[in-house]
Amino acid sequence: MLCPHCQVPLGMSDRQGIEIDFCPQCRGVWLDRGELDKIIKRTATKSSIPQNQDFRADDDRGHTDRRKSWLHELFD
Numbered sequence: 278m279l280c281p282h283c284q285v286p287l288g289m290s291d292r293q294g295i296e297i298d299f300c301p302q303c304r305g306v307w308l309d310r311g312e313l314d315k316i317i318k319r320t321a322t323k324s325s326i327p328q329n330q331d332f333r334a335d336d337d338r339g340h341t342d343r344r345k346s347w348l349h350e351l352f353d
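For the sequence shown, my numbering assigns the number 278 to the initial residue and increments by one for each residue that follows.
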């Protein structure tokens, strides 16, 4: 399959059991039918898990370290 933008062959990557088509040149990502639904379903499962709030004792602003998003984990 060719990239609709660059006309170069797409690469395939398996991320968390989902086959993702990507363009190595423009870095575009294409999903087949139903793959976006799978990603959303897995995200809903992950986000329902309570996160541990690790506040620094010497910092009274209440900020936590930012967790990487599920999208970053999928495409890194």
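A virtual CB, placed ideally from N, CA and C, is assigned to each residue, including glycine.
{"Check": "N-terminal and C-terminal residue of the beta strand (DSSP E) that Arg292 is part of", "Outcome": "288 to 292"}
{"Check": "Neighbourhood of Gly288 by C-beta distance below 8 Å, restricted to the same chain and skipping five residues each side", "Outcome": "Asp298, Phe299, Cys300, Pro301"}
{"Check": "Neighbour-count burial assignment, Cys280, 16 or more Cβ in a 10 Å radius", "Outcome": "buried"}
{"Check": "Beta-carbon spacing of Ile295, Lys318 below 8 Å", "Outcome": "no"}
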